[in-house]
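Note that the protein sequences, when read in sequence, are chains A and B.
Here the first sequence is numbered in the working numbering, starting from 1 and rising by one per residue.
Here the second sequence is numbered in the working numbering, starting from 1001 and rising by one per residue.
Inspection log for the structure reproduced underneath, given as structure tokens.
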Amino acid sequence: MWLRSLARNVAGLSVVGLSLVGLSLGASPSPARAALGRAYSSVESDRSVLGATVQSVSAGAYTVHTLALANRGAVKEFTRPDGVVFAVAWRGPGRPDLRQLLGEHFDTVQAEAAATSGRRLGRPLSVNRSDLMVISGGHPGAFWGVAVIPQLQPAGFSASGLK
Amino acid sequence: MFRRAGVLAAMLVLSACGGGGGGGSSPSPTPTPVALTNFAAVTVDQGPPALAVGPNGYIESDVAYVSVTVCAPGSSTNCQTIDHVQVDTGSIGLRIFGSVLNPSLLSALPSETDTSANPVAECYQYVDGYVFGSVRTTDMTIGGEKVANMPFQVLADTGQFASVPRSCSSAGGSNLSTVQAFGSNGIIGIGTTTTDCGVYCASGGQSAAIYYDCPSTGCNAVIARAANASAPFQQLPNPVAAMSVDNNGTILVLPSTPASGQPTLTGTLYFGIGTQSNNGLGSATIYTTSTSSSSNGPGLITAIYNGQTLPNSFLDSGSSLYFFEDGAIPLCTSAGFKGLYCPATTLTLSPVIKGLNGASYTDTFSLYNAETVFNANPSYSVIPGVGANPNIIFPSTAYAGSFDFGLPFFFGRSVYTAIEGRTAGGTVGPYYAF
Chain A
1 MWLRSLARNV AGLSVVGLSL VGLSLGASPS PARAALGRAY SSVESDRSVL
51 GATVQSVSAG AYTVHTLALA NRGAVKEFTR PDGVVFAVAW RGPGRPDLRQ
101 LLGEHFDTVQ AEAAATSGRR LGRPLSVNRS DLMVISGGHP GAFWGVAVIP
151 QLQPAGFSAS GLK
Chain B
1001 MFRRAGVLAA MLVLSACGGG GGGGSSPSPT PTPVALTNFA AVTVDQGPPA
1051 LAVGPNGYIE SDVAYVSVTV CAPGSSTNCQ TIDHVQVDTG SIGLRIFGSV
1101 LNPSLLSALP SETDTSANPV AECYQYVDGY VFGSVRTTDM TIGGEKVANM
1151 PFQVLADTGQ FASVPRSCSS AGGSNLSTVQ AFGSNGIIGI GTTTTDCGVY
1201 CASGGQSAAI YYDCPSTGCN AVIARAANAS APFQQLPNPV AAMSVDNNGT
1251 ILVLPSTPAS GQPTLTGTLY FGIGTQSNNG LGSATIYTTS TSSSSNGPGL
1301 ITAIYNGQTL PNSFLDSGSS LYFFEDGAIP LCTSAGFKGL YCPATTLTLS
1351 PVIKGLNGAS YTDTFSLYNA ETVFNANPSY SVIPGVGANP NIIFPSTAYA
1401 GSFDFGLPFF FGRSVYTAIE GRTAGGTVGP YYAF
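This is the structure:
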């Protein structure tokens, strides 16, 4: 609750760092709501589930919430001025809990993965739809990816901002 | 037969290196031939027969395989040689499907146990999915190298290990639970680190690996496993790092292939770098990589492509293709070739490979139309110069900052992979050399 009000301030300021006690993975029941396409409060749910610390930085038309993971990897959640999460990016030694981070959109990612057959070829997770775009890659120990809901992107947002 | 091919290849390398780099000792005017056994034959072929079965059957391509013998610890008779185990310089650990192990052997492979005296299982992520199964110990033999009591994973194991924990499948992608889905009978990960999770798992966290406590009711709780870099291992070790000798890295030696590809090829995987007369660095150049304390992960080098610096690049025998972002190259249109490059004419590409030590090399190669090359010879398992774009959505961003030099890069080369913290040929790993 206090996080949400703080975030409202963050959007108008520049930088704020929040160092919170991390919860160990799997030690707490999963909050029901996940981030992508949801309100800012879901970023706090993700932070809790992932046992992360969060730092929020305003980039003008949007705010980037960087969740620092215990394995030195990071998850970035991008919110519009109204607090809605329109993109989630990840990078680090392991692929994070995408079921949590992508919410109902996780099923779309899984359906696309299941649609390929024949030679494995090791093609990374990807979705190219009008209502969801996902790209990813890497190898064990060094993964990256990003998921975006195009319709929710704030005006003037460029994909280069996701890096 | 494999052994003979390997010896021949060993002699070729020896002569190519002008006597190898094992030197330093006093010169001998009449060298005595030594029967070296620090290598195993590698094949690139259609894969195990299970891949071709049923409506989803296929012929594998650009996957390098070795045979690995697993024995019940302490036994010289309860053993089985597993063919078609994928050679992967981009991951860590030996993993074999439970379905290909004789029941009498599987039942004699003891589970690793945790602080609750329960069996241990593991989830391990690949770029397109994940595997899950028990962690057991075996006496492993590959080529002439043996490792006793080595932790490895039995993929898609049964009993209390049958159900995949939700926190494993939550990372997304396919459950690679069958030989056909995985593309091999198992995998031997021989990348740049000594264990498959390192410090990340030492406090109950995760990297690509997540370890589980498995009471008889099933696997649920994530557990810590120490990052011991030598025996006794708590995590799956790099099998090469676990060897008593020749344990500082590998050389994957594969012949070149014509532009059309070919049905199969054979090569050699050497164990050790600069430890024997057949595994010297010779004239190879060293490209040092990121370590496991890097925030983006170990084993990364820089590539420069189309003027963009890509700091998350790597050499990976476990990738069947070159994966890189170039929005100017057309993608294939057929469903089975989703994301692969289909240039109208063969392109000559020249990415620069740059080690963290500053050493650089321009890799000039031909990128062929994937659909044309695959369809011209559907039965070929060796396909050169085929690539895919992992970023088909934001083509101008070079989002990944990565160039993945897959198995086609290894054709016609001797590629060295040195293990983190191990001195190999006078230089401390991790590094690649070629």
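In this text, a Cβ means the ideal position worked out from N, Cα and C, and glycines have one as well.
For residue i, name the three-state secondary structure that DSSP assigns.
i	result
E112 of chain A	helix
Y1399 of chain B	coil
N1389 of chain B	coil
G156 of chain A	coil
G1159 of chain B	helix
F1394 of chain B	coil
C1079 of chain B	strand
S1134 of chain B	strand
G1144 of chain B	coil
L1105 of chain B	helix
L1349 of chain B	strand
A1064 of chain B	strand
L121 of chain A	coil
V1100 of chain B	helix
Hey, how far is the Cα of residue i from the Cα of residue j?
i	j	result
P1408 of chain B	Y62 of chain A	42 Å
P29 of chain A	Q1206 of chain B	Here P29 of chain A scores only 39 on pLDDT, less than 50, and its place in the model should not be relied on; the value that follows carries that caveat. Distance between the alpha carbons of P29 of chain A and Q1206 of chain B is about 18 Å.
I149 of chain A	A1376 of chain B	39 Å
R123 of chain A	V1034 of chain B	44 Å
T1077 of chain B	D1139 of chain B	11 Å
F157 of chain A	R91 of chain A	21 Å
D1444 of chain B	S48 of chain A	Past the edges of chain B, shown from 1001 to 1434, lies residue 1444 of chain B, and the structure says nothing about it.
L1269 of chain B	T1192 of chain B	15 Å
S1174 of chain B	S1277 of chain B	43 Å
G1218 of chain B	P1119 of chain B	10 Å
A155 of chain A	Y1432 of chain B	44 Å
N1149 of chain B	D1083 of chain B	21 Å
M1243 of chain B	P1351 of chain B	35 Å
I1383 of chain B	Y40 of chain A	48 Å
Q100 of chain A	Q1262 of chain B	45 Å
A142 of chain A	V1068 of chain B	27 Å
S1294 of chain B	A1181 of chain B	31 Å
T1397 of chain B	F1324 of chain B	12 Å
T1275 of chain B	T1285 of chain B	17 Å
T1333 of chain B	A1388 of chain B	13 Å
P51 of chain A	A70 of chain A	Per the sequence shown, residue 51 of chain A should be read as Gly rather than Pro. Distance between the alpha carbons of G51 of chain A and A70 of chain A is about 7 Å.
V1386 of chain B	P1215 of chain B	46 Å
F1039 of chain B	V1415 of chain B	14 Å
Of all Cβ atoms in chain A, is any one closer than 8 Å to the Cβ of residue i?
i	result
S1402 of chain B	yes
T1397 of chain B	yes
K1338 of chain B	yes
G1173 of chain B	yes
V1127 of chain B	yes
S1170 of chain B	yes
F1394 of chain B	yes
S1295 of chain B	yes
Y1058 of chain B	yes
A1208 of chain B	yes
S1320 of chain B	yes
P1390 of chain B	yes
Y1431 of chain B	no
L1356 of chain B	no
Within a Cβ cutoff of 8 Å, which residues of the same chain sit near residue i, ignoring the five residues on either side of it in sequence?
i	result
G1183 of chain B	G1047, L1051, E1060, V1063, Q1086
A1202 of chain B	A1224, R1225, A1226, A1227
P1110 of chain B	P1073, R1136, T1137
D1476 of chain B	Examination of residue 1476 of chain B is not possible in this model, given that chain B is present from 1001 through 1434 alone.
Would you please verify whether the beta carbon of residue i is less than 8 Å from any beta carbon of chain B?
i	result
L50 of chain A	no
L121 of chain A	yes
R47 of chain A	no
Among the residues of its own chain, which have a CB less than 6 Å from the CB of residue i, if the five just before and after it don't count?
i	result
I1096 of chain B	I1082, G1186
R1413 of chain B	F1434
L102 of chain A	L36, A147
L1340 of chain B	C1332, A1370, A1388
E77 of chain A	A35, V43, H65, V85, V88
I1304 of chain B	V1352
Is the beta carbon of residue i within less than 7 Å of some heavy atom of the ligand SAH?
i	result
S1107 of chain B	The ligand SAH is not among the ligands present in this structure, which contains no ligands whatsoever.
Taking 7 Å as the limit between beta carbons, can you name the residues of its chain near residue i, skipping five residues before and five after?
i	result
G1401 of chain B	L1310, P1311, N1312
G1098 of chain B	L1106, G1133, V1154, L1155, A1156, D1157, T1158
A1424 of chain B	N1248, G1249, I1273, G1274, A1418
A1221 of chain B	Y1212, D1213
Select from the region 125 to 141 of chain A all residues with a C-beta closer than 9 Å to any C-beta belonging to chain B, and list them in chain order. L125, S126, V127, N128, M133, V134, I135, S136, G137, G138, H139, P140, G141
When Cβ atoms are compared, which residues of the region 84 to 97 of chain A fall closer than 8 Å to chain B? R91, G92, P93, G94, R95, P96, D97
Using a beta-carbon distance cut-off of less than 8 Å, what residues from the region 106 to 121 of chain A approach chain B? F106, V109, Q110, A113, A114, T116, S117, G118, R119, R120, L121
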